[in-house]
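Numbering (my numbering), first residue to last: 211 to 650.
Using N, Cα and C, we set each Cβ at its ideal position, and we do this for glycine too.
Keep in mind that this is a model prediction, so the values were computed, not measured.
#1: Nearest-angstrom Cα distance between residue 524 and residue 476?
#2: Please name the residue in 486, 454, 520, 489 whose C-alpha comes closest to that of residue 447.
#3: Considering only the beta carbon of each residue, do residue 552 and residue 402 sit closer than 8 Å?
#4: Based on Cα-Cα distance, which residue from 385, 390, 398 lies nearest to residue 406?
#5: Report all residues from its chain with a CB closer than 6 Å to the CB of residue 557; omit the five preceding and five following residues, and keep chain order.
#6: Which residue marks the beginning of the beta strand (DSSP E) containing residue 392, and which one marks its end?
#7: Please work out which residues of its chain come closer than 8 Å, Cβ to Cβ, to residue 574, disregarding the five sequence neighbours upstream and downstream, and give them in chain order.
#8: Could you check what DSSP says for residue 354 in three-state terms: helix, strand or coil?
#9: List the endpoints of the continuous beta strand (DSSP E) containing residue 454.
#10: Applying the 10 Å Cβ sphere with the 16-neighbour rule, what's the burial state of residue 426?
#11: Hey, how far is the Cα of residue 548 from the Cα of residue 327?
#12: For residue 315 and residue 331, which I take to be in contact (beta-carbon distance under 8 Å), what is that distance rounded to the nearest angstrom?
#13: Going by DSSP, what residue range makes up the beta strand (DSSP E) through residue 368?
#14: Below 8 Å between beta carbons: does that hold for residue 345 and residue 400?
#15: Cutting at 7 Å between CB atoms, please list the residues of its own chain near residue 295, excluding the five before and the five after it.
#16: Please confirm whether residue 493 and residue 510 have their CB atoms less than 8 Å apart.
#17: Just verifying my parser: in three-state terms, what is the DSSP assignment at residue 268?
#18: Output yes or no for whether 8 Å exceeds the beta carbon distance between residue 625 and residue 224.
#19: So residue 554 and residue 506 are in contact, right, with Cβ under 8 Å, and what is the actual spacing, rounded?
#20: Using a Cβ distance threshold of 8 Å, determine whether the stretch 628-638 contacts the stretch 233-249, with at least three qualifying pairs required.
#21: Here's the rule I'm using: 16 or more other beta-carbon atoms within 10 Å means buried, otherwise exposed. How should residue 229 be labelled?
#22: What is the DSSP secondary structure of residue 404, reduced to helix, strand or coil?
#23: Please report the distance separating the alpha-carbon of residue 371 from that of residue 452.
#24: What three-state label does DSSP hand residue 327 in the structure shown?
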């Protein structure tokens, strides 16, 4: 295992394995490390070496992981062609250097048994859950784009939803991205962000507010902010596609325009904002992160920016933290921004919050409170938030002293631990325990 000198934000599975992209002068790689087990392995590299004899990688991207294994996008040159192709590859956790091609942008004869001689021409955003199910966005050679689900790495992709599908209210077509799998065992559910391919359909005050967004006084976001401040957010929301009980994902054909999945809304511009009054409404959403119990995402209203969580079993939405939330440990001051996607574990949610002074860092809300219909605004804000690490934290001279940067994103919180990328005088991947929730 080579020693990379730059890192991506790490991922963490429920067995304590940290997966990250590493970058060095010779190329990049995907690595997995489990400190408790004393294990460290290279999953894939771009520097000419390859664990699959038929090709070598020229680039690696979009890594996702679970305790089952790791999935990623790889650009490669097949031996039978001089042109570059893109594939989705999976490696089992117990056999990390044996790669399985899940899907690829290869001609139909070389790829998978897709119907009508179709083949993928574009692949994006793979994700994997603890039961080996893999979801991704793919475009076919007939120009149709869909979210696909693979029930195991060796099976044919099944269409979940495509861009001919209507919004649940019947107005407009889905323009989706950033699929995430609910990790409940046996549940064929895919969560995703979507806007409206046909433009905003909201009426009245909401539509007027959307038209006026560009005239609002707004802080400028960085290009990697989880909310993309563009017109593509118009009429957007977070949705869930669930397989019908009478059919499984394996019965859905990639060419079918009527897959056996039902799309419903988790949150959109018409959804009541928790802890709000009637004049507040959602305006923009970030990519959702799904766990076994909740779905969390960053969202913006006309009054605030916040992290929200949706409890799938009760269908209730809650505020985890927002720009009205007091920062733990400060006598005064609220969070100012939530630039990255959060992470979830059970009904708890960890997130990076920008805060005054050196208080920016990683926080956790354990066992998020999901408000009932008869609860007040103050009760909907009763989440207890704890500090995990901030810019003021230091692990001593051996770790390079105080932090100048902390990077934390989705799927980095599991089994009461969090993992993050930190820059001190060194660059490194860190893992910390989440303290037990205090019960007064």
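Reading off the structure:
#1: In a straight line, the C-alpha of residue 524 is about 11 Å away from that of residue 476.
#2: For the residues 486, 454, 520, 489, the minimum Cα distance to residue 447 belongs to 520.
#3: Taking the C-beta atoms as reference points, residue 402 is found no nearer than 8 Å to residue 552.
#4: Out of 385, 390, 398, 385 has the C-alpha closest to the C-alpha of residue 406.
#5: Counting only Cβ-Cβ distances below 6 Å, and skipping sequence neighbours, we find 503, 504, 577, 578.
#6: No beta strand (DSSP E) holds residue 392; DSSP gives it neither H nor E.
#7: Excluding positions up to five away in sequence, the list reads 558, 559, 560, 561, 595, 596, 598, 623, 628, 644.
#8: In the displayed model, residue 354 falls within coil according to three-state DSSP, outside both helix and strand.
#9: Residue 454 -> no beta strand (DSSP E), and no H or E assigned at all.
#10: Confidence in residue 426 is poor, its pLDDT being 35 and thus under 50, which makes the residue's placement too unreliable to answer from.
#11: Distance between the alpha carbons of residue 548 and residue 327 is about 45 Å.
#12: 6 Å between Cβ atoms; contact.
#13: Residues 368-372.
#14: Judged by their CB atoms, residue 345 and residue 400 are nearer to each other than the 8 Å cut-off.
#15: Taking C-beta separations shorter than 7 Å and ignoring five residues to either side along the sequence, the partners of residue 295 in its chain run 286, 288, 314, 315, 316, following chain order.
#16: With respect to the 8 Å criterion, residue 493 and residue 510 are classified as neighbours on the basis of their beta carbons.
#17: Three-state result, residue 268: strand.
#18: Yes; because the gap between Cβ atoms is below 8 Å, this pair is in contact.
#19: Residue 554 to residue 506, Cβ: 5 Å. Contact.
#20: Segments in contact, no.
#21: It counts as buried.
#22: In the structure shown, the three-state DSSP call for residue 404 is strand.
#23: C-alpha separation (whole angstroms): 10 Å.
#24: The answer is helix: DSSP assigns residue 327 an H, G or I state.
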